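The opening position of the sequence shown corresponds to residue 1 in the UniProt record's numbering, with each subsequent residue numbered one higher. Quick reminder that beta carbons are idealized off the backbone N, C-alpha and C, glycines included. Here the structure is a predicted model, which means the values were calculated and not measured. Only one structure is covered here, and it is reproduced in the block below.
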Amino acid sequence: MLINLSGFFIKKERDHINITHVEFIHDNEFPPKNLRDRDIRTQNMSHFVNPIKDVFKK
């Protein structure tokens, strides 16, 4: 069985923005692929989060 779940919770507060990334990937592989690809996922998240920060600055 293969399960992939990924998403963001974004909440604007008065003086800041809370952004929480949630990800679960289960592919019965060792070592888990999600650990091996951590740096690539981090770069991809920054490309997604930075434009969101710009929108909420307004």
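Supposed close pair residue i, residue j - CB separation, criterion 8 Å
{"i": "R56", "j": "I17", "result": "The residue asked about is misnamed: residue 56 is Phe in this sequence, not Arg. Between I17 and F56 the Cβ distance is about 5 Å, and since that is below 8 Å, they are a contact."}
Nearest-angstrom Cα separation, counted from residue j out to residue i
{"i": "R38", "j": "G7", "result": "16 Å"}
{"i": "F9", "j": "N44", "result": "16 Å"}
{"i": "N50", "j": "I19", "result": "11 Å"}
{"i": "L5", "j": "R41", "result": "14 Å"}
{"i": "residue 76", "j": "F24", "result": "Because the chain spans 1 through 58 in this model, residue 76 falls outside it and cannot be assessed."}
{"i": "S46", "j": "H21", "result": "11 Å"}
Residues that residue i bridges to, as DSSP identifies them
{"i": "K12", "result": "I17"}
{"i": "S46", "result": "DSSP lists no partner for S46."}
{"i": "V22", "result": "G7"}
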